[in-house]
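Contents: one structure, followed by commentary.
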Amino acid sequence: MTTESFTSGVVPGGWPVLGHVWPLMSRPIAFLTSLPRYGDLVEMRLGTTHVYVPCHPELLRRTLTDDRLFDKGGKYYDRAREMAGNGVATCAHKDHRRQRRLLQPAFQRAQLARYAAVMEQEIADLTESWSSPQDIDAYPELYRLALRTVTRTLFSAQVDDATVDRIRCSFDVVFSGFFRQMFLPRAVLRLPLPGNLRHRRALRHLRETMRQVIADSRADNDENNVLAGLLAAHDAEGAQVSDAELYDQTVTVLAAGSETVASTLTWALYLLSENADAQAQLQAEADAALAKPVATWDDRTNLPYAQRVVNETIRLYPAGWLFTRVTTSDTELAGRTLKAGTTVVITPVPVHRNAGIFEHADRFAPDRWLPERMAGLPQSAFAGFGGGARKCIGDDYGIGECTLALASIAKQWDVRTLPGADVRPVPLAAFYRPRRLPLRLTRRERT
Ligand code: HEM
Numbered sequence: 001m002t003t004e005s006f007t008s009g010v011v012p013g014g015w016p017v018l019g020h021v022w023p024l025m026s027r028p029i030a031f032l033t034s035l036p037r038y039g040d041l042v043e044m045r046l047g048t049t050h051v052y053v054p055c056h057p058e059l060l061r062r063t064l065t066d067d068r069l070f071d072k073g074g075k076y077y078d079r080a081r082e083m084a085g086n087g088v089a090t091c092a093h094k095d096h097r098r099q100r101r102l103l104q105p106a107f108q109r110a111q112l113a114r115y116a117a118v119m120e121q122e123i124a125d126l127t128e129s130w131s132s133p134q135d136i137d138a139y140p141e142l143y144r145l146a147l148r149t150v151t152r153t154l155f156s157a158q159v160d161d162a163t164v165d166r167i168r169c170s171f172d173v174v175f176s177g178f179f180r181q182m183f184l185p186r187a188v189l190r191l192p193l194p195g196n197l198r199h200r201r202a203l204r205h206l207r208e209t210m211r212q213v214i215a216d217s218r219a220d221n222d223e224n225n226v227l228a229g230l231l232a233a234h235d236a237e238g239a240q241v242s243d244a245e246l247y248d249q250t251v252t253v254l255a256a257g258s259e260t261v262a263s264t265l266t267w268a269l270y271l272l273s274e275n276a277d278a279q280a281q282l283q284a285e286a287d288a289a290l291a292k293p294v295a296t297w298d299d300r301t302n303l304p305y306a307q308r309v310v311n312e313t314i315r316l317y318p319a320g321w322l323f324t325r326v327t328t329s330d331t332e333l334a335g336r337t338l339k340a341g342t343t344v345v346i347t348p349v350p351v352h353r354n355a356g357i358f359e360h361a362d363r364f365a366p367d368r369w370l371p372e373r374m375a376g377l378p379q380s381a382f383a384g385f386g387g388g389a390r391k392c393i394g395d396d397y398g399i400g401e402c403t404l405a406l407a408s409i410a411k412q413w414d415v416r417t418l419p420g421a422d423v424r425p426v427p428l429a430a431f432y433r434p435r436r437l438p439l440r441l442t443r444r445e446r447t
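Residues in the sequence shown are numbered consecutively from 1, following the UniProt record's numbering.
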């Protein structure tokens, strides 16, 4: 498709002060799925700011890959940095290459295989804590698994439960109100309102806990963790390790590697519980592939269906559903001139849910990710991990952890959703997850 053939349009119906914030936050999937009907590039308002959303995979690819022109900056990132620091996920292009180079070694394949021992242990601890039948509230249960795993691979396998709990309590407050902090006027955030005070207190506690964990972990000399990789890379560059940067990078990895994995696992169990055939197929694969109740890192090659389930879950419910970029100079996109400083909203939803790209786009169909069926898909048809230089550094880590957890659960348990589920998303939260998903787990009967 050539540039001239892209269309652009304006989303109708914005409210006077809020613009389109309300439908975006209250029913994000339905709202974002509706956008392509207004054009390949659509204009809408977040508060009083006019923003543009690429809805065509080629436009999404361009905005993701030209990270110099479409940079992380502007008022939304200023706010995000107040919460998550100036780490690799929030920094601007000028700082990014150096930061990414420092973190990259900690995410190489050989390292991931070492972290897998922690993943396997955490999955075993969780699944062994269940009796049959076991009713769980899915997200908190899976969040504990993901946060414990990422904390212990980031710092040290020795981090104790009380520390993980302290981090969890702070994150609950800071990241549950993420978009509230981003979109509310600063004057409102300065008021001594209960929500603002809670947020400030949680940030203060988080900083104190992290300072202590970093200090303990530096003294620990364990080499198989992300922090050790970061310190070694710093040393190799002859650079001084600033405590502020260590804080920024470690908070970033903790935040980016916990809620994303927990949300994906929660949605996957929901989809499997609603699709009996898919659950049976996953169980059959796990029975054939796993020698023990819990999957190992090496089992992944024999779990292709589990990996397709993970992919399909992220297509339908991408945990990282909303990011922004800001143009660093005037540019043209889909025939529109975007002035320097224009905000572009990056979301995979309009593409992931586009029936012109994915047949029966709203249907859970893991086998659409069979290699022979993926061949015809455009680039950036799947953007659940972003793209270009800012693509998720933890994609293999996240897919690996989700695959191991799902296969291990499928090997031992039947999963079904209980009455009382509310799968509307938590409003204003940084990552896309359901409000409440009660599940009943029943130990499978073997013949
Ligand atoms: C299923 C799980 C995951 C999903 C869906 C996911 C999604 C994403 C997305 C969409 C981005 C791009 C954001 C942007 O373009 O602004 C991203 C970036 C990032 N993710 Fe993930 N992620 C997952 C797991 C993880 C894990 C497990 C880690 C670390 C342990 C991690 C660490 C990061 C970091 C550090 C970045 C910033 C990369 C950069 O800007 O260079 N993610 N993730």
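Built from N, CA and C at the ideal position, the CB exists for glycine as well.
Using DSSP's beta-bridge definition, name the partner residues of Pro54.
Pro54 is bridged to Leu41.
Tell me whether the beta-carbon of Val53 lies closer than 8 Å to the beta-carbon of Leu35.
Going by C-beta atoms, Val53 is nearer than 8 Å to Leu35.
Where does the unbroken beta strand (DSSP E) through Leu439 begin, and where does it stop?
Looking at the DSSP string, the run of the beta strand (DSSP E) that includes Leu439 is Pro438 to Arg443.
Can you tell me which of Lys94, Ala116, Val118 and Ala89 puts its alpha carbon nearest to the alpha carbon of Gln104?
Taking only the C-alpha atoms, the option nearest Gln104 is Ala89.
Just how far apart, CA to CA, sit Thr447 and Trp130?
Unreliable positioning characterises Thr447 in this predicted model, as indicated by a pLDDT of 46, which lies under 50. A coordinate reading is not provided.
C-beta atoms of Gly87 and Asp248 nearer than 8 Å:
Their beta carbons are under 8 Å apart, which means Gly87 touches Asp248 by this criterion.
Just curious, the alpha helix (DSSP H) that Val261 is in, first and last residue?
Run containing Val261: Asp243 to Glu274, per the alpha helix (DSSP H) assignment.
Trp413 - containing beta strand (DSSP E), residue span
Taken as a continuous stretch (DSSP letters only), the beta strand (DSSP E) holding Trp413 covers Trp413 to Thr417.
Assigned secondary structure, Gln134 (DSSP; H/G/I helix, E/B strand, else coil)
Gln134 falls in the strand class under three-state DSSP.
Going by other Cβ atoms of all chains shown within 10 Å of its Cβ, with 16 needed for buried, is Val17 buried or exposed?
Its Cβ having fewer than 16 others within 10 Å, Val17 is exposed.
Please list the segments of the alpha helix (DSSP H) lying wholly inside the stretch 56–119, counting only runs of 4 or more residues, in order along the chain.
With a minimum length of 4 residues, the continuous alpha helix (DSSP H) runs that stay inside the stretch 56–119 are 57–65, 74–84 and 93–103.
Inter-residue Cα distance where the pair is Ala375 and Gly9
Taking the straight line joining both Cα atoms gives about 30 Å.
Which of helix, strand or coil does DSSP assign to Trp15?
The answer is strand: DSSP assigns Trp15 an E or B state.
Entirely enclosed alpha helix (DSSP H) segments - the stretch 352–377, minimum 4 residues:
Entirely contained in the stretch 352–377, the alpha helix (DSSP H) runs reaching 4 residues are, in chain order, 371–374.
Validate contact between the stretch 391–401 and the stretch 284–294 using beta carbons, cut 8 Å, 3 pairs
The answer is no - the stretch 284–294 does not touch the stretch 391–401, with fewer than three Cβ pairs under 8 Å.
For the candidate residues Tyr432, Asp422 and Ala430, whose alpha-carbon lies nearest to that of Pro438?
The shortest Cα separation from Pro438 among Tyr432, Asp422 and Ala430 belongs to Asp422.
Quick check on the DSSP output: the alpha helix (DSSP H) that includes Glu208 runs from which residue to which?
Segment Pro194 to Asp220, the alpha helix (DSSP H) holding Glu208.
Count the other CB atoms within 10 Å of the CB of Lys292; is the residue buried (16 or more) or exposed (fewer)?
Label assigned to Lys292: exposed.
By how many angstroms is the C-alpha of Thr331 removed from the C-alpha of Leu51?
Looking at the sequence provided, one finds Val at residue 51 rather than Leu. Going by the C-alpha atoms only, they are around 14 Å apart.
For Asp422, list the residues DSSP reports as bridge partners.
Its beta-bridge partners are Arg436.
Are there any heavy atoms of the ligand HEM lying less than 7 Å away from the beta-carbon of Ala260, as far as the coordinates show?
Inspection of the sequence shows that residue 260 is occupied by Thr rather than by Ala. Within the cutoff, so yes.
Is Pro318 near the ligand HEM - that is, is its Cβ less than 7 Å away from at least one heavy atom of it?
At a threshold of 7 Å, Pro318 counts as near the ligand HEM, since its beta carbon sits closer than that to one of the ligand's heavy atoms.
Would Pro425 pass as a contact of Gly384 if the rule is Cβ separation under 8 Å?
Gly384 sits away from Pro425, with the two beta carbons spaced by 8 Å or more.
Residue burial classification, Gly356 (beta-carbon count within 10 angstroms, cutoff 16)
Flag for Gly356 reads exposed.
Any heavy atom of the ligand HEM closer than 7 Å to the Cβ of His199?
Incorrect: His199 has no Cβ contact closer than 7 Å to the ligand HEM.
Using only the heavy atoms of the ligand HEM, determine whether one of them is closer than 7 Å to the beta carbon of His352.
In terms of side-chain proximity, the C-beta atom of His352 is found no nearer than 7 Å to any non-hydrogen atom of the ligand HEM.
Which two residues bound the contiguous beta strand (DSSP E) that contains Val345?
That run of the beta strand (DSSP E) goes Thr343 to Ile346.
Do you know whose CA, among Val310, Thr347, Leu60 and Leu418, lies nearest Leu322's CA?
Among Val310, Thr347, Leu60 and Leu418, the Cα nearest to that of Leu322 belongs to Thr347.
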